[in-house]
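Here's the structure we're looking at; comments come further down.
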Amino acid sequence: MEVIWQNLPVILVGLRLTIQYSIVAIILMVVIGLIAALMRLSKFAPLRWIATAYVEIFRSTPLLVQLFFIVLGLPAILPVNEWFGQLWYPILAAALTLSLNEGAYVTEIIRAGILGVDRGQKEAAQSIGMNGFQTMRYIVLPQAFKRMIPPLVNQAAQTIKDTSLLAPVGIAELVYKGEIVIAETFASFAIWGLIAVLYFILIFSLSKFSSYLERRLQVDKR
Amino acid sequence: MINVRDLHKSFGDNEILKGISTHVEEKEVVVVIGPSGSGKSTFLRCLNGLETATSGEIEIAGMTLTDPKTNIHKLRQHVGMVFQQFNLFKHLTILENITIGPRKVKKIPAAEANRIARELLAKVGLVGKEANYPDELSGGQQQRVAIARALAMGPNVMLFDEPTSALDPEMVGEVLQVMKALAVEGMTMVVVTHEMGFAREVGHRVVFMDDGLILEEGPPSELFSNPQRNRTKSFLAKIL
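Chains A and B, in that order, give the protein sequences. Letter 86 of the first sequence, counting from 1, is numbered 86 in full-length UniProt numbering, and no numbers are missing. Letter 220 of the second sequence, counting from 1, is numbered 220 in full-length UniProt numbering, and no numbers are missing.
See below:
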């Protein structure tokens, strides 16, 4: 217990970074996923090809390898550290790589959600003169969004857990701080236990929030 | 109001419409009948561009639908459509279902759109359902809302694609009643239906389609009592 209290401040600094990366990645993955999903459903073939290639590449390679490749590998051939700054490049690259990886899965969630909306809804929207954008914005996406909530929350939980893979590329999040504390104290049982509990609290509150959200949408929008 | 010349429509190798030519006058009510698979619905869906004609020419509400330069979204504002499955927007209330077109497409202010919607709800006999969701209404009520939704755009022509086919028998009457009132007001209408009573009573002209072609057309009294073609006779014998 003693060792936990003593090292809690250091661990909490890591936790704060974990939360920050999670929030950024969850927001970006939805934005990226929405854009890529719309591209995959586009009538314009090159847009479909680009989005499909993106999804396949990020789904078919491990996140850890992607992180090593982009955060540590790219600076070896490109002067990215000069472009973005020595301090900023790893931070930006790590956040973006994580978001792109999760966004690949979100693309498929959103695409499935859009395709799941009855074709008659789209036709009815077109029949009152709505263009493609208006049909998507006012009719299809609001209906698709509701059924996308459970899989999106799943993906958000996965994203929070995946931030732990940022430790090996030098981002001082929860796992990284934990390893430092353990190297000094040898208290691996207590510290890993503490870290597991902190992840659990984060993700459990997320799923509580989502069931609240789902219940609310269920009540007044059938 | 509608002019169709040599309309062809194929899905892959399957030719559904094999050269349709017809003409609909302003304020005319044309009822399209025929066996299933004859291309009636496809023909109707071509008239507002939900299906793209393979060849031929369609003029409707003063615009040439088959001209690639025509703004299809603009055109559809003048051509109302009512579907067999109603297709009300499930996530919107009845009032919102009717106002969303005027508000988002025609950019009419909310208060004005609401006023129009309430008038139309009164017209289709559904005052008091403004705040309900489509799932809470019966099929007949939903179809009447769908008619109000189409009317809210102020169309010049109304297309009906088997509007009563998905309804329980006791709800057919209330929908036909609303359609009849529209016809009496002078709305130009093209109605695909199996309701021969409606065709006889409200239709100015009946068009009989079979296998992608118009086989016969004429005033309902003549077509029903004295069909010229054998195919028409056998179809009417089965359905009347």
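Cβ coordinates follow ideal geometry from the N, Cα and C atoms, glycine included.
Do you know offhand how far residue i's Cα is from residue j's?
i        : j        : result
Leu63/A  : Ser99/A  : 10 Å
Ser10/B  : Leu38/A  : 28 Å
Arg111/A : Leu223/B : 50 Å
Ile11/A  : Glu102/A : 25 Å
Lys18/B  : Gly56/B  : 10 Å
His194/B : Val153/A : 48 Å
Lys122/A : Ala36/A  : 20 Å
Arg205/B : Gly197/B : 13 Å
Ala53/B  : Thr66/B  : 7 Å
Met187/B : Asp118/A : 30 Å
Gln155/A : Gly80/B  : 42 Å
Gln142/B : Arg215/A : 26 Å
Lys123/B : Pro155/B : 16 Å
Met63/B  : Gly33/A  : 39 Å
Thr99/B  : Pro163/B : 21 Å
Ala157/A : Val55/A  : 20 Å
Ser210/A : Pro150/A : 8 Å
Ala144/A : Leu213/A : 15 Å
Val80/A  : Tyr89/A  : 7 Å
Arg115/B : Asn230/B : 51 Å
Val175/B : Leu167/B : 9 Å
Ser42/A  : Arg48/A  : 6 Å
So what does DSSP say about residue i, is it helix, strand or coil?
i        : result
Ile171/A : coil
Met158/B : strand
Asp210/B : strand
Glu217/B : strand
Thr61/A  : coil
Thr70/B  : coil
Asp93/B  : The question names Asp, yet the displayed sequence has Thr at residue 93/B. Residue state, collapsed to three classes: coil.
Met148/A : helix
Met196/B : helix
Thr52/B  : coil
Phe224/B : helix
Arg48/A  : helix
Val219/A : The predicted position of Val219/A is uncertain, since its pLDDT is 47 and thus under 50; no value can be drawn from it.
Thr164/B : coil
Ser210/A : helix
Following the continuous alpha helix (DSSP H) through residue i, name the residue where it begins and the one where it ends.
i        : result
Ile139/A : Segment: none, Ile139/A is in no alpha helix (DSSP H) and carries neither H nor E.
Met153/B : No alpha helix (DSSP H) holds Met153/B; DSSP gives it neither H nor E.
Arg118/B : Ala110 to Lys123
Met29/A  : Glu2 to Arg40
Gly39/B  : Taken as a continuous stretch (DSSP letters only), Gly39/B belongs to no alpha helix (DSSP H), as it is neither H nor E.
Leu98/A  : Trp88 to Leu115
Gln126/A : Arg119 to Ser127
Pro75/A  : Leu74 to Ile77
Leu236/B : Asn230 to Ile239
Asn81/A  : Val80 to Phe84
Under the assumption that residue i contacts residue j (Cβ atoms under 8 Å), give the Cβ distance between them as a whole number of angstroms.
i        : j        : result
Val175/A : Ala187/A : So it is not a contact: roughly 15 Å between Cβ atoms.
Ile60/B  : Val191/B : Contact flag wrong, Cβ pair sits at about 15 Å.
Val105/B : Ala150/B : Actually they are not in contact, since the Cβ atoms of Val105/B and Ala150/B sit about 12 Å apart, beyond 8 Å.
Ile182/A : Ile191/A : 5 Å
Gly212/B : Glu15/B  : 6 Å
Arg147/A : Gly120/A : In fact, because the Cβ distance is near 16 Å, the residues do not count as touching under 8 Å.
Val207/B : Val30/B  : 6 Å
First and last residue of the beta strand (DSSP E) that includes residue i?
i        : result
Arg18/B  : Here residue 18/B turns out to be Lys, not Arg, going by the sequence shown. That run of the beta strand (DSSP E) goes Asn14 to Val24.
Ser55/B  : Ser55 to Ile60
Asn3/B   : Ile2 to Phe11
Gly80/B  : Val79 to Val82
Met189/B : Thr188 to Val192
Val178/B : Unbroken run through Val178/B is the alpha helix (DSSP H), Pro169 to Glu185; no beta strand (DSSP E).
Ile33/B  : Val29 to Ile33
Between the options, which lies nearest to residue i when the distance is taken from Cα to Cα?
i        : options                                   : result
Ser221/B : Ile239/B, Ala113/B and Val202/B           : Val202/B
Met209/B : Glu28/B, Asp6/B, Val4/B and Pro35/B       : Pro35/B
Glu136/B : Glu51/B, Ile94/B, Arg200/B and Asn114/B   : Ile94/B
Asn131/A : His23/B, Ile58/B, Ile72/B and Lys238/B    : Ile72/B
Met1/A   : Tyr138/A, Tyr54/A, Val169/A and Gly193/A  : Gly193/A
Val4/B   : His23/B, Met179/B and Gly12/B             : His23/B
Met153/B : Leu167/B, Val127/B, Ile108/B and Pro134/B : Ile108/B
Phe160/B : Pro169/B, Met171/B, Arg229/B and Arg144/B : Arg144/B
Tyr199/A : Arg16/A, Ile4/A and Trp5/A                : Arg16/A
Met179/B : Asp6/B, Gly140/B and Val127/B             : Gly140/B
Ile239/B : Ile98/B, His78/B and Ile33/B              : Ile33/B
Ile139/A : Met1/B, Phe89/B and Ala237/B              : Phe89/B
Ile20/B  : Phe43/B, Ile2/B and Pro169/B              : Phe43/B
Val13/A  : Phe204/A, Ile171/A, Arg48/A and Tyr212/A  : Ile171/A
Thr18/A  : Ser127/A, Ile203/A, Leu213/A and Pro142/A : Ile203/A
Leu67/A  : Pro79/A, Lys177/A, Ser205/A and Thr163/A  : Thr163/A
Any heavy atom of the ligand FAD within a distance shorter than 7 Å of the CB on residue i?
i        : result
Ile110/A : For the ligand FAD, the structure offers nothing, since it holds no ligand at all.
Which residues in chain D sit within 7 Å of residue i, going by Cβ to Cβ distance?
i       : result
Asn48/B : Absent here is chain D; the protein component of the structure consists of chains A and B.
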